[in-house]
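Per full-length UniProt numbering, the very first residue in the sequence shown carries number 1; after that it's consecutive.
Cβ coordinates follow ideal geometry from the N, Cα and C atoms, glycine included.
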Amino acid sequence: RYFIVIDDIWDAEAWEIISCAFKDSNCGSKIITTTRSFEVARKSGEAYQLKPLSPGNSEKLLYMRLYGGRSKCPFDHPVEISEKIIQRCGGVPLAILTIASLLDGKEKEDWSKVYDSIGFGHGKNQVVDNTRKILLFSYYDLPYYLRPCLLYLSMYPEDYTIKKETLIWKWSAEGFIKEEPGIRQYELGERYFSELVNRSMIQPIWGGYGSCFVTGCRVHDLVLDMICLLSNEENFVRVWDVNDQRISCQSNARRLAIQKIVLEQDDSLANMCTPQLRSFSAIGCDVHVMPSLTSFGALRVLDMEDCSSSGDGSYHLDHLGSLLHLRYLGLWRIDKVPEKIGNLKFLQTLDLEDTRIKELPQSFALLRQLKRLHFVVAEGIVGMHLLGNLTSLEDLQLRFDTWSPEFVVELRKLTMLRNLDLSVGPYKGSDDSQVKALVKSLGKLKEIQILDIYFGGYVSIGPQGWEGYVPPRQLREFRLRTEKDMLPVWINPSLVQNLTSLWFNLKEVKARDMEILGSFPELVTLRLTDMFLGLSESQDFLPDVMGGLFPKLRYFSTPAPLRFLEGAMPSLESLDYCYLEVDQLKRDSSFVFEFGSWENLHSLHKVKAHFRPGAPQENEDEAVVALELAANQHPNRPNLEVLR
Numbered sequence: 001r002y003f004i005v006i007d008d009i010w011d012a013e014a015w016e017i018i019s020c021a022f023k024d025s026n027c028g029s030k031i032i033t034t035t036r037s038f039e040v041a042r043k044s045g046e047a048y049q050l051k052p053l054s055p056g057n058s059e060k061l062l063y064m065r066l067y068g069g070r071s072k073c074p075f076d077h078p079v080e081i082s083e084k085i086i087q088r089c090g091g092v093p094l095a096i097l098t099i100a101s102l103l104d105g106k107e108k109e110d111w112s113k114v115y116d117s118i119g120f121g122h123g124k125n126q127v128v129d130n131t132r133k134i135l136l137f138s139y140y141d142l143p144y145y146l147r148p149c150l151l152y153l154s155m156y157p158e159d160y161t162i163k164k165e166t167l168i169w170k171w172s173a174e175g176f177i178k179e180e181p182g183i184r185q186y187e188l189g190e191r192y193f194s195e196l197v198n199r200s201m202i203q204p205i206w207g208g209y210g211s212c213f214v215t216g217c218r219v220h221d222l223v224l225d226m227i228c229l230l231s232n233e234e235n236f237v238r239v240w241d242v243n244d245q246r247i248s249c250q251s252n253a254r255r256l257a258i259q260k261i262v263l264e265q266d267d268s269l270a271n272m273c274t275p276q277l278r279s280f281s282a283i284g285c286d287v288h289v290m291p292s293l294t295s296f297g298a299l300r301v302l303d304m305e306d307c308s309s310s311g312d313g314s315y316h317l318d319h320l321g322s323l324l325h326l327r328y329l330g331l332w333r334i335d336k337v338p339e340k341i342g343n344l345k346f347l348q349t350l351d352l353e354d355t356r357i358k359e360l361p362q363s364f365a366l367l368r369q370l371k372r373l374h375f376v377v378a379e380g381i382v383g384m385h386l387l388g389n390l391t392s393l394e395d396l397q398l399r400f401d402t403w404s405p406e407f408v409v410e411l412r413k414l415t416m417l418r419n420l421d422l423s424v425g426p427y428k429g430s431d432d433s434q435v436k437a438l439v440k441s442l443g444k445l446k447e448i449q450i451l452d453i454y455f456g457g458y459v460s461i462g463p464q465g466w467e468g469y470v471p472p473r474q475l476r477e478f479r480l481r482t483e484k485d486m487l488p489v490w491i492n493p494s495l496v497q498n499l500t501s502l503w504f505n506l507k508e509v510k511a512r513d514m515e516i517l518g519s520f521p522e523l524v525t526l527r528l529t530d531m532f533l534g535l536s537e538s539q540d541f542l543p544d545v546m547g548g549l550f551p552k553l554r555y556f557s558t559p560a561p562l563r564f565l566e567g568a569m570p571s572l573e574s575l576d577y578c579y580l581e582v583d584q585l586k587r588d589s590s591f592v593f594e595f596g597s598w599e600n601l602h603s604l605h606k607v608k609a610h611f612r613p614g615a616p617q618e619n620e621d622e623a624v625v626a627l628e629l630a631a632n633q634h635p636n637r638p639n640l641e642v643l644r
């Protein structure tokens, strides 16, 4: 049997084709479809029409967005105009959230002016029309610097998950982010992104461990319809996908996005002349349908995401060096970096995903304005000695199969780094000199905010390896995935009080360590792995999590069933027993699984338990029973997921 959800079917013919793939065997399988067309819904089977929010729930949503709840509503709240707004929104959540975001921060006496300015309709489709008018009014209420940032999102397909980092660097490449003294462009871009979220123009995607950080966004269908219409009217973006016929060669749009076009469908793009283009984006296309790079003289952004080659060889990049204005370059599955890449003096972002590059050209050292560099390579890359020349780098992500001593030396020259994400395959060195050299280089990175290091094989830094290291006070995220290790002495709130995320393979868990970790005032996510739990005649070897610790922690991952005392982790929403050491714990015959202390975690809503393989079935069964009992007895009835 199966359960399948098919989202957003546009016409009845499409459903008739899709339905041919499913057998009507009457075995209890279920298919759910969603559509904006009642005709499509009627033909696909029994239709359930989503009802709009009631006036009461609409009011709750409005007050929640404006004030955080009705109980926090100020005495001067304009009740009469609020009731009019709720009535005109027709119970559509998007309309309510958008107009609430529009009103938020405005003087109360101006609310009536906003309401009158929108010009609500009274026709047959007034709910849809009013929602569109609210969205359009909200767009024109945006500051001028945010409007192109929002319109740029029309380059992405419907329901697409847009990565925040990638989007901000594209905004920067386009010149949408205005410079301010003392503030990096990326940080300004984050402000722009947050402002669009706060105005309900984009929907945030929460990611990372525990989904505690905004890592991307999506655009609501109605918002996307609006910005696509505006983009088309202003010649801002031209989108061409598999449903289009042939693109007009006379289009004056400054940006072109093509989506899921393959060689068999159309080759007219290859002959286009587009000298006015500033941005070219291709998603899931055959590279042989691309126009020649010689037609892209004014290009600032070139991004070929998940593009492949169906013919012989790869997309010709010989003319890449002629794109002198290029600031963002994203390439997938290429064989080599062209020698003339050094001509791109203004390049800010180079993202090489799923590449097969074995050597960097000498001209690579000329990319002095490069701020973001991402490599994912299958083999050790030659030319890392050039890296130290890229002194403007702020964001560096590297994946190596083998250790690179050259990289360690060059790293210390990159003093502007804000984000370092380093993954190294098995380390085959016979001593720890290279590890110490890495720590020495890390000590030179005084601007670092995010530090993520992974070592394959049996490598640990150890207390001696960290000797002399002084972390920058602005460090926000630290993830060190090595062989089990002791907590470094610099992991201390007095040194890095702004730490929000920590991942560490802790060799053993001690009460003192938990006290130190629990004292970080801003810590939101904590992942402790591979802890040696010890063997004892009692359960006293598992330290308690004391009250008052971890005040802002929302996600906690641990292999140990720790006991939580009243007042501990008051904000914890998600608890993850990652590789619960069932077998190791049960070597003590007196050990009994007991999770009743969850009741002291008043914000808990989700628990996930993943057992480490190898434990006897009866021990796993005992743990499952205890987990289910604790979940059922908790007032919040947290969602429990067990992986065995």
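Every alpha helix (DSSP H) stretch that sits fully inside the stretch 536–613 and reaches 4 residues is listed by chain position as 582–585. With a cutoff of 8 Å on beta-carbon distance, N505 and E483 are scored as near each other. Remark: C-beta atoms of T529 and C578 approach each other more closely than 8 Å. The beta-bridge partner set that DSSP reports for C217 consists of I162, P204. Contact between G210 and Y469 fails: their C-beta atoms lie close to 27 Å from each other, not under 8 Å. With 16 or more neighbouring CB atoms inside 10 Å of its own CB, P471 falls in the buried class.
If you draw a 10 Å sphere on the C-beta of Y328, you find 16 or more other C-beta atoms in it, and that means buried. The alpha-carbon separation between G91 and Q203 amounts to approximately 19 Å.
Boundaries of the alpha helix (DSSP H) harbouring A631: 617–633, taken from the DSSP string. Check the Cα spacing between W403 and each of F176, E39, M384: the tightest is with M384. Bridge pairing for F22: absent [DSSP].
Partner residues in the beta bridge of Y454, as assigned by DSSP, are S423, R481.
Following the DSSP letters along the chain, one finds I99 inside the alpha helix (DSSP H) bounded by residues 93–103. For the pair S295 and V239, the CB atoms are not nearer than the 8 Å cut-off. Closest option to A511, judged by alpha-carbon separation, among K345, D544, L326: D544. E573 is not a Cβ neighbour of S597, given a cutoff of 8 Å. Residue state for S281 is assigned as strand, using DSSP reduced to three classes. Judged by their CB atoms, E515 and L565 are not nearer to each other than the 8 Å cut-off. Rounded to the nearest whole angstrom, the C-alpha separation of E581 and P559 is 6 Å.
Annotation: A253 to F280 spans about 11 Å, alpha carbon to alpha carbon. Distance from the CA atom of K446 to the CA atom of R473, rounded to whole angstroms, is 9 Å. For E80, the three-state secondary structure derived from DSSP is helix.
In the DSSP assignment, A437 falls within the unbroken alpha helix (DSSP H) covering 433–442. For K507, no pairing in a beta bridge is given by DSSP.
Beyond the five residues adjoining it in sequence on each side, H605 comes within less than 8 Å, by CB distance, of E573, S574, N636, P638, N639 in the same chain, given in chain order. In the DSSP assignment, the residues bridged to W240 are I258. Under DSSP, H374 shares a beta bridge with D351, Q397. The residue from K178, K164, A615, S172 with its alpha-carbon nearest to that of Y145 is K178. Under DSSP, F3 takes part in a beta bridge, and its partners are K30. About 4 Å separates the beta carbon of V382 from that of E359, a gap short enough to meet the 8 Å contact definition. For N198, the enclosing alpha helix (DSSP H) starts and ends at 185–198.
Exclusion of the five residues before and after A21 leaves no residue of its chain whose Cβ lies closer than 8 Å to its Cβ.
Bounds of the alpha helix (DSSP H) holding E59 are 55–67. Of the candidates T355, R184, L344, T355 places its Cα closest to the Cα of K336. Residue burial is scored here from C-beta neighbours: F193 has at least 16 other C-beta atoms within 10 angstroms and is therefore classed as buried. DSSP places G330 inside the beta strand (DSSP E), whose first and last residues are 328–332.
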